[in-house]
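Chains A and B, in that order, give the protein sequences. In terms of full-length UniProt numbering, the first sequence is residues 1 to 358. In terms of full-length UniProt numbering, the second sequence is residues 1 to 358. Each residue gets a CB set at the ideal place from its N, CA and C atoms; glycine is no exception. Since the structure is predicted, the reported quantities are computational estimates derived from the model, not experimental observations. Notes follow once the structure below has been shown.
2 protein chains.
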Amino acid sequence: MAKKPSEQQRERSRPRKGVDVLDDPSGPTRPPTLETVAARAGVSRATASRVVNHLDRVAPHVVASVNAAIEELGYVPNQAARSLARRRTAVIAVVIPESTERLFADPFFATVVQGAAAHLRGTDYTLNLVLGSDQEDKSRRYLTGGNVDGVLVVSQHEGDLPLTRLGLSVPIVFAGRPAVDFGEHGHFVDVDNRAAAATGVRHLVERGRSRIATIAGAQDLAAGRDRLAGWQDVLTDAGFDSDLVEVGDFTPESGTVAMERLLDGPEFDAVFAANDQMAFGAISALARAGRSVPGDVAVVGFDDDQFSRAARPTITTVHQPAREMGAVMAAHLLALLAGERVDQVTVLPTRLVVRESS
Amino acid sequence: MAKKPSEQQRERSRPRKGVDVLDDPSGPTRPPTLETVAARAGVSRATASRVVNHLDRVAPHVVASVNAAIEELGYVPNQAARSLARRRTAVIAVVIPESTERLFADPFFATVVQGAAAHLRGTDYTLNLVLGSDQEDKSRRYLTGGNVDGVLVVSQHEGDLPLTRLGLSVPIVFAGRPAVDFGEHGHFVDVDNRAAAATGVRHLVERGRSRIATIAGAQDLAAGRDRLAGWQDVLTDAGFDSDLVEVGDFTPESGTVAMERLLDGPEFDAVFAANDQMAFGAISALARAGRSVPGDVAVVGFDDDQFSRAARPTITTVHQPAREMGAVMAAHLLALLAGERVDQVTVLPTRLVVRESS
DNA sequence: TTGTAGGCGTTATCAC
DNA sequence: GTGATAACGCCTACAA
């Protein structure tokens with residue numbers, strides 16, 4: 001029997017070619033291809049492909065035998081080939097812009113990413129981590145060069161203008177609304193930081209506090225500015241002074257330092273921190289200074305992360321649905337990829353969680 | 001809509017095809033291909049490819065014109081096609097096994113990942129996040145199915161046996177040595193947790209403490225067990241009782257709770273926590289209980305993360321080079337991918353950082 | 001319902 | 001030095 005093209009092909013692509021792993025006697029065995037599966041099941045590649053992709057119109061017994069072959073061979077589709085043919089990559093990039101990279105350790109981010117990952121499980125999408133260097137042309141090109149189907153920007157988000165532009169070529173969903181104008185491109189999942197912060201501060205007012213300080217977050221991030229504004233709003237409404245402001249950077253350390261500075265200044269009986277990590281740091285400083293919480297100073301945080309539960313006293317805080325944000329971001333991106341329309345801005349609800357510190 | 005084959009074909013590769021983004025009048029323009037670049041530069045795809053890949057043997061003026069074309073068109077290589085042709089993906093998976101997923105928010109992990117990402121910047125490798133579901137066949141298959149060139153397992157690492165097996169088909173580097181036997185496959189970057197913990201505890205002994213408790217980490221993780229063992233070692237050597245053990249799970253909350261339990265028991269004058277987050281939580285509990293640190297109770301943590309600096313008093317801790325671990329993991333993986341030999345186990349140094357809490 | 005064949009964008013092996 | 005051309009593994013009209 002004369003060799004069919006396919007056979008020649010096989011021969012040419014025998015294991016061991018090119019790869020130089022040395023000491024594995026069996027040789028770096030090449031993963032089975034659809035071709036292999038098809039041969040084993042006694043069908044054509046096309047049919048095997050149909051089974052793999054769960055298309056109908058395939059006879060049940062054929063499905064069975066192909067699946068058996070897949071099982072026996074441990075066949076896994078080659079994504080590269082699939083991407084090439086389908087002209088979509090099944091890759092979603094998770095971008096942590098440089099401006100936010102040092103915040104990567106923030107549990108809020110981790111939780112958002114987990115939410116997105118969880119939502120994507122079950123789909124065949126894969127998450128691609130892009131850390132830092134937002135200005136750099138390299139990553140922008142990577143993102144726009146058809147290497148990813150969509151982009152998730154997990155960031156409390158500042159301008160990141162260059163990223164917003166990405167929206168032109170690839171669907172993109174941000175965590176957090178940008179302060180700047182973003183035109184028609186880009187989608188955003190956010191909470192109303194300003195109103196949410198106000199809720200927390202108002203709670204302090206209702207508890208009878210009148211000298212309310214704040215430990216603000218980084219002011220180059222929208223979340224930082226908005227929460228500060230929310231604090232301001234309430235104090236203004238109440239006719240209180242809003243002069244006690246220290247700016248941190250969302251890290252626990254900065255919370256401690258900010259509180260130490262506050263303690264050096266005029267008296268106050270409450271503090272609103274822009275996130276729980278800073279609140280925790282602040283409580284640490286208060287404890288050392290011999291101020292009781294909430295006796296001398298009531299504390300309210302933001303996020304409702306594990307630190308608000310770890311502190312003693314436990315911290316009253318504004319709950320932010322981080323996990324859900326990630327999930328919604330992923331869901332919206334999937335919708336966009338499916339060609340559906342999605343609201344450009346989605347605001348998720350927050351709620352006050354009252355604990356011991358207030 | 002009857003159309004001649006040729007026409008349909010054309011249409012198929014015309015812009016705007018298939019994708020139904022509605023309001024962009026210019027249509028989703030397809031990224032330029034090498035073909036385009038080549039045409040524009042007046043050379044063949046082969047030559048264009050040579051330029052893109054910086055191969056020599058190309059006339060300088062040709063290089064120039066091709067680069068010009070690339071620049072003008074904003075050409076970016078299609079990774080899928082490249083992967084297919086080169087038979088390598090340029091993708092490195094970062095796996096957070098299910099057993100460790102809830103620890104994702106731990107700054108230690110984030111820092112390790114950042115270290116790896118930083119090391120990979122400049123290379124054309126891309127990081128693929130694989131969260132959870134280590135048992136699930138799906139991710140294992142994904143990892144072994146030729147979709148990634150290598151795997152980084154960022155975990156304090158338990159058995160994760162299934163993952164160790166991966167080493168058979170794909171190079172894999174773990175953060176943390178497994179407790180179990182791992183044969184010849186798999187590479188590990190670690191610190192000597194037991195000895196490092198001992199350093200911290202010994203410091204407490206030298207400070208004159210004799211009733212030293214510990215807040216251990218999760219005992220299903222090697223790091224948790226080893227640090228507990230290190231604590232035990234020192235107490236045994238010193239002839240002290242080692243009965244004061246509370247087990248946490250590395251979260252700040254668990255540190256708080258553990259300390260509260262310790263405070264309910266026999267007296268003690270020092271505590272060694274298996275990480276800084278738990279130490280921070282513990283200090284919070286101590287503060288509320290009216291115990292002074294280090295006066296009544298000296299505290300030593302582990303990691304040297306931002307929390308050890310945020311606490312008041314600041315926390316004496318065992319520094320672990322998290323960022324470097326990530327970088328070394330990446331470096332080793334790259335070496336393996338290049339076919340080089342790499343030590344199967346690499347132990348990075350730790351050091352005691354003395355601060356106020358001891 | 002199933003098979004045939006062409007194409008997805010690059011790389012790599014040859015000749016020239 | 002440069003250009004055809006055959007893979008790479010899979011998808012998908014179209015034909016059968």
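By how many angstroms is the C-alpha of Phe250 of chain B removed from the C-alpha of Gln277 of chain B? 7 Å
Beta carbon of Val130 of chain A nearer than 8 Å to that of Ala93 of chain A: yes
Which chain B residues sit within Cβ distance under 9 Å of Pro321 of chain A? Simply none; closest approach about 15 Å.
Consult DSSP for Gly301 of chain A and reduce its assignment to one of helix, strand or coil. strand
Would you kindly check if the distance between the Cβ of Ala287 of chain A and the Cβ of Ala279 of chain A is under 8 Å? no
Assigned secondary structure, Phe108 of chain B (DSSP; H/G/I helix, E/B strand, else coil): helix
Should residue 417 of chain A be labelled buried (16 or more other beta-carbon atoms within 10 Å of its own) or exposed? Chain A is shown from 1 up to 358; residue 417 of chain A falls before or after that span and cannot be answered.
Could you give the C-beta distance for Ser358 of chain B and Val299 of chain B, rounded to a whole number, given that I count them as a contact under 8 Å? 6 Å
Could you tell me which whole alpha helix (DSSP H) segments of length 4 or greater appear in the stretch 177 to 236 of chain B? 193 to 206
The stretch 141 to 154 of chain A / the stretch 326 to 339 of chain A touching (three or more Cβ pairs under 8 Å): yes
Straight-line CA distance for Phe109 of chain A to Leu103 of chain A? 8 Å
Interfacial residues, the stretch 288 to 311 of chain A to chain B, with Cβ spacing under 7 Å: Arg288, Gln306, Phe307, Arg309, Ala310 and Ala311
If you reduce the DSSP assignment to three classes, tell me which class Arg14 of chain A lands in. Only weak support is given to the placement of Arg14 of chain A: the predicted model assigns it a pLDDT of 34, under 50, and the question is left unresolved by the model.
How about Leu336 of chain A and Val345 of chain A: are their beta carbons less than 8 Å apart? no
Extent of the continuous beta strand (DSSP E) to which Glu174 of chain A belongs: For the record, residue 174 of chain A in the displayed sequence is Phe; it is not Glu. It spans Ile172 to Ala175 - the beta strand (DSSP E) in which Phe174 of chain A sits, taken as one unbroken run.
Roughly how many angstroms separate the alpha carbons of Glu267 of chain A and Thr236 of chain A, rounded to a whole number? 19 Å
Does DSSP put Asp343 of chain A in a helix, a strand or coil? coil
Quick check: what's the CA-CA separation for Asp24 of chain A versus Arg323 of chain A? For Asp24 of chain A, the pLDDT reaches just 45, beneath the cut-off of 50, and the residue's location in the model is therefore unreliable, leaving the point undetermined.
What does Phe307 of chain B pair with, by DSSP beta-bridge criteria? The partner list for Phe307 of chain B (beta bridge, DSSP) is empty, contrary to what the question assumes.
Over what stretch of residues does the alpha helix (DSSP H) that includes Gly150 of chain A continue unbroken? Looking at the DSSP string, Gly150 of chain A is not in any alpha helix (DSSP H); the run it does join, the beta strand (DSSP E), is Gly150 to Val153.
Counting beta carbon pairs with one atom in the stretch 80 to 88 of chain A and one in the stretch 79 to 86 of chain B, are three or more of them shorter than 8 Å? yes
Measuring only from the beta carbon, is Val354 of chain A closer than 7 Å to any heavy atom that is part of the ligand GDP? Summarising the ligand content, the structure contains no ligands, and the ligand GDP is consequently not present.
Taking only the alpha-carbon atoms, compute the straight-line gap between Gly200 of chain A and Ser139 of chain B and give it to the nearest angstrom. 42 Å
Of the residues B:Pro321, B:Ile283 and B:Val234, which one's Cα is nearest the Cα of Pro252 of chain B? B:Ile283
Please confirm whether Leu263 of chain A and Thr214 of chain A have their CB atoms less than 8 Å apart. no
Grab me the residues of Thr111 of chain B's own chain with a C-beta within less than 8 Å of its C-beta, minus the 5 sequence neighbours each way, in chain order. Asp305, Ala322, Arg323 and Gly326
Return yes when the Cβ of Ala48 of chain A is within less than 8 Å of the Cβ of Val63 of chain A, no when it is not. no
Excluding the 5 residues preceding and the 5 following Arg88 of chain B in the sequence, name in chain order all residues of the same chain whose CB lies nearer than 7 Å to its CB. Asp149
Mind checking if Leu84 of chain A is an interface residue toward chain B, Cβ cutoff 8 Å exclusive? yes
In whole angstroms, what is the alpha-carbon distance linking Asp303 of chain B and Gln320 of chain B? 5 Å
By Cβ distance, which residues of its chain are closer than 6 Å to Arg225 of chain B, with the 5 residues on each side in sequence left out? Gln219
Pull up the CB-CB distance for Leu348 of chain B and Val189 of chain B, whole angstroms please, since I reckon it's below 8 Å. 7 Å
In whole angstroms, what separates the C-alpha of Tyr125 of chain B from that of Arg121 of chain A? 23 Å
Which same chain residues end up closer than 6 Å to Arg209 of chain B when comparing Cβ atoms and leaving out the 5 residues on each side of it in sequence? Asp269, Ala270 and Ala298
Whole-Å CB distance - Val170 of chain B paired with His187 of chain B, under 8 Å assumed: So it is not a contact: roughly 12 Å between Cβ atoms.
From Thr144 of chain A to Glu72 of chain B, what distance separates their C-alpha atoms? 15 Å
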